[in-house]
Amino acid sequence: MYPPQVTKGELNELLTVAIDWALAHGLIVRPSLENTLFVNNPAVTHAPFALYPTPFPRKEFEKARRLQQPWNTLIHKMSQDDHLIAETMETLANLDEFTNQLYQIYLTVKKEGIAQPASLGLHRNDYLLHVESGADASTARIQQVEFNTISASFGSLSVRTSELHRFLLSTLKGYGGNQIGIDQLPENDAIRSFADGLAHAWKLYGNPSARIAMIIQPGERNVFDQRWIEYTLQAR
Numbered sequence: 033m034y035p036p037q038v039t040k041g042e043l044n045e046l047l048t049v050a051i052d053w054a055l056a057h058g059l060i061v062r063p064s065l066e067n068t069l070f071v072n073n074p075a076v077t078h079a080p081f082a083l084y085p086t087p088f089p090r091k092e093f094e095k096a097r098r099l100q101q102p103w104n105t106l107i108h109k110m111s112q113d114d115h116l117i118a119e120t121m122e123t124l125a126n127l128d129e130f131t132n133q134l135y136q137i138y139l140t141v142k143k144e145g146i147a148q149p150a151s152l153g154l155h156r157n158d159y160l161l162h163v164e165s166g167a168d169a170s171t172a173r174i175q176q177v178e179f180n181t182i183s184a185s186f187g188s189l190s191v192r193t194s195e196l197h198r199f200l201l202s203t204l205k206g207y208g209g210n211q212i213g214i215d216q217l218p219e220n221d222a223i224r225s226f227a228d229g230l231a232h233a234w235k236l237y238g239n240p241s242a243r244i245a246m247i248i249q250p251g252e253r254n255v256f257d258q259r260w261i262e263y264t265l266q267a268r
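Oh and the sequence shown: position 115 is 147 in the numbering used here, straight run, nothing missing.
The following block contains the structure:
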């Protein structure tokens with residue numbers, strides 16, 4: 033049975049070890065209470081995480097990885113297609129003010145002339161596993177939910193979650209009911225990949241005085257997800 037059945041005492045021990053590790057290693061967010069969201073508040077709490085890694089069909093996982101590069105290329109080419117953008121946004125811009133503001137920025141930049149030939153996209157492709165009603169779980173297939181080009185968050189905290197599961201597996205006897213092998217926990221280098229991409233884009237920009245700006249909304253709870261990228265980038 034997975035996840036394994038554990039006693040209340042075993043669960044409490046697991047929770048203590050996991051939460052302490054999360055707090056000590058930056059798997060954290062700001063508190064959710066309204067009155068705690070103020071400038072320079074040092075209070076944090078652990079980010080939500082699963083105590084055990086979720087079983088996922090290896091074939092579908094590898095499929096998602098193979099599809100990411102083609103998806104990145106497709107979205108990039110779509111972002112360079114003026115006709116497609118105009119055709120799509122002429123309708124969408126009237127339905128959503130935020131989208132309209134982005135479109136107006138695009139039109140202004142296009143009118144002034146796009147001087148920078150290089151562009152960088154930080155993307156997150158979201159999938160759900162789908163199984164037809166009454167079908168066997170072995171028939172599960174990934175189905176795309178959305179492709180994020182703005183709200184591509186939790187890359188950093190997903191790395192820390194992967195590290196947490198590895199730590200628990202290597203430290204706690206019987207973790208996962210001895211049903212998990214280290215080879216079943218995929219490597220996750222999203223923090224380094226994000227930092228590498230930003231650093232390479234900065235070099236292509238060709239201005240030693242250029243700065244990378246990270247725009248954080250007021251009261252952002254997930255600020256540490258961005259901080260890990262910032263710190264990794266600064267350490268390069």
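Cβ coordinates follow ideal geometry from the N, Cα and C atoms, glycine included.
Rounded Cβ spacing between histidine 78 and leucine 47 (contact assumed at less than 8 Å): Contact doesn't hold; Cβ gap of about 10 Å is too wide.
Three-way DSSP call (helix, strand, coil) for histidine 108 in this model: Helix.
Proximity of threonine 171 and valine 177 at Cβ, strictly below 7 Å: No, the Cβ-Cβ distance between threonine 171 and valine 177 is not below 7 Å.
Test item: CB-CB of isoleucine 174 and glutamate 92 under 7 Å: Yes, Cβ-Cβ distance for isoleucine 174 and glutamate 92 is below 7 Å.
Leucine 3 in three-state terms, based on DSSP: Given a span of 33 to 268 for the chain in the structure shown, any question on residue 3 remains unanswerable.
Buried or exposed (CB count within 10 angstroms, at least 16 for buried), glycine 187: With 16 or more Cβ atoms within 10 Å of its Cβ, glycine 187 is classed as buried.
Isoleucine 214 vs threonine 264 beta-carbon contact at 7 Å: If you check the CB distance, isoleucine 214 and threonine 264 do not come in under 7 Å.
Proximal residues to glutamine 100 (C-beta, below 7 Å), its chain only, five neighbours per side dropped: Same-chain partners within the cutoff: Asn157.
Cβ-Cβ distance between leucine 196 and tryptophan 53 below 7 Å: Here leucine 196 is near tryptophan 53, since their CB atoms are less than 7 Å apart.
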